[in-house]
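Protein sequences, first through last, are from chains Z and D.
Okay, so the first sequence: first residue is 1 according to the working numbering, each after it adds one.
Okay, so the second sequence: first residue is 1 according to the working numbering, each after it adds one.
Just below is one structure, and these are the notes that go with it.
There are 2 protein chains.
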Amino acid sequence: MGKERTAPAAVTSADVARLAGVSRATVSFVLNNTQAHRVSDTTRARVLAAADQLGYVPHAAARSLRAGRSNLVLMPASVSAVGRLVSTWIDDLQGELEQLGYITVLHAGRFPNAVSAARAWAELRPAAVVALEGDSLTGQAADVLTKAGVRGVLAFASRRAEGIHTIDFDHTRVGALAAEHLVSRGRRNLGVIMPQERGLDTFARPRLAGAQSVASRTTASVTPVEMAYTRGSAAELAERWPELGLDAVFAYNDEYAALLLHALRDAGVRVPEEVSVVGCDDLLVSALQQPPLTTVRLDMPAPAQVADALHELVERGVPPEVPGMEPVLVQRQSS
Amino acid sequence: MGKERTAPAAVTSADVARLAGVSRATVSFVLNNTQAHRVSDTTRARVLAAADQLGYVPHAAARSLRAGRSNLVLMPASVSAVGRLVSTWIDDLQGELEQLGYITVLHAGRFPNAVSAARAWAELRPAAVVALEGDSLTGQAADVLTKAGVRGVLAFASRRAEGIHTIDFDHTRVGALAAEHLVSRGRRNLGVIMPQERGLDTFARPRLAGAQSVASRTTASVTPVEMAYTRGSAAELAERWPELGLDAVFAYNDEYAALLLHALRDAGVRVPEEVSVVGCDDLLVSALQQPPLTTVRLDMPAPAQVADALHELVERGVPPEVPGMEPVLVQRQSS
DNA sequence: CCGGGTCGGTAACGCGTGTAACCTGGAAGT
DNA sequence: ACTTCCAGGTTACACGCGTTACCGACCCGG
């Protein structure tokens with residue numbers, strides 16, 4: 001006794017074989033109904049009964065170790081960093097991949113650099129890695145993955161790197177689109193909100209760069225403005241708004257925009273008369289604001305299309321032909 | 001040639017051994033710096049150099065197959081179903097678990113029932129399964145997991161089942177708290193929003209039940225009201241609000257509450273004069289509404305504490321001693 | 001009575017690891 | 001000079017699985 005607590009002794013296919021009175025091979029044939037080998041109906045029934053009785057579940061790791069390939073798709077992403085927009089998209093993609101036989105898994109981890117992150121992912125030997133924050137994936141990191149046998153390295157990114165299959169996801173264009181709109185509305189001193197939350201700067205920086213590139217072609221100027229997703233930070237920012245001298249702002253998000261909108265109102269700054277506000281993601285909340293928020297909608301490629309492309313990439317090494325993310329301006333009353 | 005595309009041939013510890021001119025065992029000793037065995041500094045250096053040169057990364061599956069234990073923690077949860085409140089909590093928990101040597105992974109999957117879900121999870125042979133929607137985990141499903149060798153089956157749930165270690169997460173109390181508040185404000189005809197989005201009813205149902213239990217002790221009545229998270233659904237609901245005869249509503253969420261709030265205003269229903277509205281989660285948006293939303297804040301147990309408890313459970317089978325979720329009413333002007 | 005074919009089953013190997021057990025040569029102790 | 005010991009290495013096995021090759025029994029035609 002006393003042993004009951006230490007090792008519950010997971011049930012293996014050998015246990016099933018023993019109970020059914022057959023060899024382990026037969027068990028394998030039955031449970032995978034291998035077409036290459038015939039097995040009598042009576043023993044098949046015995047095996048199935050034994051497996052059911054013992055509650056046998058195959059060991060995925062052992063299986064893919066033997067097979068030399070796994071059906072795991074790893075998506076490095078922290079839950080809190082993805083907005084509502086992408087989160088539903090992720091869910092749909094995961095559903096599509098499931099139908100293709102893949103098991104999609106999310107992993108958020110804080111890593112000092114891209115290579116050590118890739119190392120951690122590579123340990124799991126996934127069939128593919130789908131990086132949503134693809135710009136943080138270096139060619140060197142991708143090399144680690146491919147050397148570990150990862151078949152599909154797919155990244156949503158603005159710039160393409162060696163050994164990485166890229167789906168266009170250029171947040172530069174998002175910032176540029178917002179800036180162009182604001183300039184066309186006669187604004188000249190544009191602020192761009194840079195969120196302080198961890199993980200968000202991967203998107204925020206290119207957006208800022210996009211806005212700046214527009215400014216460099218016009219008479220407008222662009223100023224990065226730091227802000228955290230708290231009432232205090234927003235209020236503090238609104239308080240010193242006059243001294244910033246901005247007549248427009250591109251908030252990172254509709255949620256940041258909404259927060260800032262309220263803070264500005266509380267501070268007596270009128271929107272859109274004194275300052276135009278543009279959000280992003282076209283979340284439901286944006287239309288509910290007072291005034292309703294102008295925002296940038298991000299049209300994502302169809303999940304089914306991405307899933308198919310990934311499958312082709314893993315199976316046959318075919319590079320994906322998928323349209324990228326398309327930013328679309330949705331104008332409302334806040335600008 | 002032509003072979004380059006088919007099998008990139010993942011690098012193994014045998015490759016490292018070959019390049020370093022030593023046996024595979026020595027490589028293992030060096031890379032894990034096994035204390036039980038000594039190895040000279042020169043060969044150690046050679047091995048490390050070879051591993052680095054080849055970009056070797058150990059195969060987690062093979063490792064845990066051999067070790068008989070894995071460091072994987074599986075959290076079944078769909079990204080879109082978790083609100084902002086829990087998502088940051090999940091991130092923190094994942095961080096704590098990482099420090100304890102675990103790799104936390106999220107998996108969303110649509111399964112016909114709890115047992116088939118458990119079967120899918122069991123295939124991965126995780127060290128532990130942490131179910132946030134713990135009420136959907138049956139004793140039979142937990143049995144599948146333990147039989148597959150999963151050491152820690154941890155569930156945030158209201159009712160405890162056989163073989164499942166439970167951290168109290170009783171959404172009944174959430175509904176009850178909201179209902180008690182509304183009754184104390186003189187309301188009698190309470191509506192409870194039931195969101196139509198998939199995966200959300202696991203929380204919505206017990207909250208409804210909690211509200212109903214309060215009603216059964218008083219003269220108040222409770223009516224479930226279906227609503228989807230779209231403007232159309234909210235508008236349609238607000239349109240037929242008068243005929244529902246409700247003077248209070250507990251929305252599933254602050255986001256649902258905000259959506260409903262706007263729809264009600266557009267339909268000419270005054271809040272809180274004609275109807276009280278109570279949200280949930282105490283999200284930032286709730287305080288920004290007009291009028292500011294009364295809401296129920298959910299105090300979660302400290303992630304570090306949960307991580308430690310899980311570690312103890314996996315390592316020594318010690319049942320977790322962790323305070324559960326505590327609902328707290330945050331009163332504002334909407335009720 | 002014998003050769004060939006089919007059906008139904010088993011033995012054995014390898015996937016990539018970690019580790020217990022086993023060698024070997026040289027230094028130290030007797 | 002013979003044993004003892006240890007540092008520093010290797011060989012061999014097991015983890016759970018899928019699959020290839022093999023084997024016995026039976027049936028059938030010649």
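Backbone N, C-alpha and C define an ideal beta-carbon position, used for all residues, glycine too.
Given that residue i touches chain Z, what residues does it touch there, using C-beta distances under 8 Å?
{"i": "Gln333(D)", "result": "Those within 8 Å of Gln333(D) in chain Z number zero; the least Cβ separation is about 15 Å."}
{"i": "Tyr229(D)", "result": "Leu284"}
{"i": "Asp299(D)", "result": "Those within 8 Å of Asp299(D) in chain Z number zero; the least Cβ separation is about 18 Å."}
{"i": "Ser64(D)", "result": "Ala61"}
How is the alpha helix (DSSP H) around residue i delimited, first residue to last?
{"i": "Glu226(Z)", "result": "Glu226(Z) -> not in any alpha helix (DSSP H); beta strand (DSSP E) instead, spanning 221–227."}
{"i": "Phe29(D)", "result": "24–31"}
{"i": "Thr88(Z)", "result": "84–99"}
{"i": "Thr104(D)", "result": "Not the alpha helix (DSSP H): Thr104(D) falls in the beta strand (DSSP E), residues 103–107."}
{"i": "Arg231(D)", "result": "231–239"}
{"i": "Val57(Z)", "result": "Careful: Val57(Z) lies outside any alpha helix (DSSP H) and carries neither H nor E."}
{"i": "Phe203(D)", "result": "201–217"}
Exposed or buried, what is residue i when buried is set at 16 or more other beta-carbons lying within 10 Å of its beta-carbon?
{"i": "His171(Z)", "result": "buried"}
{"i": "Val328(Z)", "result": "exposed"}
{"i": "Arg270(D)", "result": "exposed"}
{"i": "Pro224(D)", "result": "exposed"}
{"i": "Gln333(Z)", "result": "exposed"}
{"i": "Ala77(D)", "result": "buried"}
{"i": "Arg135(Z)", "result": "Sequence inspection shows Asp at residue 135(Z); the Arg mentioned does not correspond to that position. With 16 or more Cβ atoms within 10 Å of its Cβ, Asp135(Z) is classed as buried."}
{"i": "Gln53(D)", "result": "exposed"}
{"i": "Glu4(Z)", "result": "Any reading at Glu4(Z) is ruled out, since the residue's pLDDT is 39, under 50, leaving its predicted position unreliable."}
{"i": "Arg46(D)", "result": "buried"}
{"i": "Val322(D)", "result": "buried"}
{"i": "Pro195(D)", "result": "buried"}
{"i": "Gln99(Z)", "result": "exposed"}
{"i": "Met1(Z)", "result": "Here the model assigns Met1(Z) a pLDDT of 36, short of 50, so the residue's position is not dependable, and the following value carries that caveat. The residue is exposed, with fewer than 16 neighbouring Cβ atoms inside 10 Å."}
{"i": "Ser96(Z)", "result": "As written in the sequence, residue 96(Z) is Glu, which differs from the Ser given in the question. Its Cβ being crowded by 16 or more others within 10 Å, Glu96(Z) is buried."}
{"i": "Pro206(Z)", "result": "buried"}
{"i": "Glu133(Z)", "result": "buried"}
Alpha carbons only, please: which of the options is nearest the one belonging to residue i?
{"i": "Ala20(Z)", "options": "Ser78(Z), Ala10(Z), Arg44(Z)", "result": "Arg44(Z)"}
{"i": "Leu259(D)", "options": "Arg66(D), Gln289(D), Ala128(D)", "result": "Gln289(D)"}
{"i": "Leu137(D)", "options": "Arg125(D), Leu124(D), Pro112(D), Glu123(D)", "result": "Pro112(D)"}
{"i": "Arg63(Z)", "options": "Arg18(D), Val39(D), Glu123(D)", "result": "Glu123(D)"}
{"i": "Phe169(Z)", "options": "Pro272(Z), Ala10(Z), Val130(Z), Gly163(Z)", "result": "Val130(Z)"}
{"i": "Gly163(D)", "options": "Thr146(D), Arg173(D), Ala179(D)", "result": "Thr146(D)"}
{"i": "Pro272(D)", "options": "Asp282(D), Phe250(D), Leu284(D), Thr12(D)", "result": "Phe250(D)"}
{"i": "Leu177(D)", "options": "Arg231(D), Thr219(D), Asp201(D), Thr294(D)", "result": "Thr294(D)"}
{"i": "Arg84(Z)", "options": "Val278(Z), Ala307(Z), Leu72(Z), Asn253(Z)", "result": "Asn253(Z)"}
{"i": "Ala117(Z)", "options": "Ile103(D), Glu243(D), Ala108(D)", "result": "Ile103(D)"}
{"i": "Gly175(Z)", "options": "Val192(Z), Arg159(Z), Ala161(Z)", "result": "Val192(Z)"}
{"i": "Leu72(D)", "options": "Leu54(Z), Arg46(Z), Val105(Z), Ser40(Z)", "result": "Val105(Z)"}
{"i": "Gln94(D)", "options": "Arg110(Z), Val144(Z), Asp92(Z), Glu96(Z)", "result": "Arg110(Z)"}
{"i": "Pro320(D)", "options": "Asn189(D), Asp281(D), Ala235(D), Gly152(D)", "result": "Gly152(D)"}
{"i": "Ser184(Z)", "options": "Gln331(Z), Glu312(Z), Val314(Z)", "result": "Gln331(Z)"}
{"i": "Ala304(D)", "options": "Ala10(D), His107(D), Gln140(D), Trp89(D)", "result": "Trp89(D)"}
Using a C-beta to C-beta distance shorter than 7 Å, which residues of chain D count as neighbours of residue i?
{"i": "Val98(Z)", "result": "Here residue 98(Z) is Glu; the residue named in the question, Val, does not match the sequence. Neighbours of Glu98(Z) on chain D, chain order: Gly109."}
{"i": "Asp91(Z)", "result": "Ser78, Val79, Ser80, Ala108"}
{"i": "Thr88(Z)", "result": "Ser80"}
{"i": "Arg119(Z)", "result": "Val57"}
Can you pull the chain D neighbours of residue i, defined as C-beta to C-beta under 9 Å?
{"i": "Ala179(Z)", "result": "Ordered by position in chain D, no residue passes the 9 Å Cβ test against Ala179(Z), which lies about 26 Å from the chain."}
{"i": "Val144(Z)", "result": "Gly55, Val57"}
Going along chain D in order, which residues have a C-beta closer than 8 Å to the C-beta of residue i?
{"i": "His171(Z)", "result": "Residues of chain D passing the Cβ test: none, with the nearest at roughly 20 Å."}
Anything in chain Z within Cβ reach of residue i, meaning under 9 Å, just list it in chain order.
{"i": "Glu133(D)", "result": "Near Glu133(D) there are no residues of chain Z at all, since even the closest Cβ is about 15 Å away, more than 9 Å."}
{"i": "Ala148(D)", "result": "Ala10, Val11, Gly55, Tyr56, Val57, His59"}
May I ask which residues mark the beginning and end of the beta strand (DSSP E) holding residue i?
{"i": "Asp168(Z)", "result": "165–168"}
{"i": "Arg297(D)", "result": "294–299"}
{"i": "Ser276(D)", "result": "276–280"}
{"i": "Val129(D)", "result": "128–131"}
{"i": "Gly191(Z)", "result": "189–195"}
{"i": "Val322(D)", "result": "Note, Val322(D): premise wrong, no beta strand (DSSP E); not H, not E."}
{"i": "Leu74(Z)", "result": "72–76"}
Give the interface partners of residue i over in chain Z, defined as CB-CB distance under 7 Å, in chain order.
{"i": "Val130(D)", "result": "Correct list: empty, because the minimum Cβ distance to chain Z is about 13 Å."}
Relative to chain D, which residues along the region 32–59 of chain Z have a C-beta separation below 9 Å, given in chain order? Leu54, Gly55, Tyr56, Val57, Pro58, His59
When you check each C-beta in the region 240–265 of chain D against every C-beta of chain Z, which residues fall closer than 8 Å? Listed in chain order, the positions of the region 240–265 of chain D with a beta carbon within less than 8 Å of a beta carbon of chain Z are Glu255, Ala258, Leu259, His262.
Interface residues of the region 304–315 of chain Z facing chain D [CB-CB below 7 Å]: none
Which residues of the region 191–218 of chain D have a Cβ closer than 7 Å to any Cβ of chain Z? Give them in chain order. none
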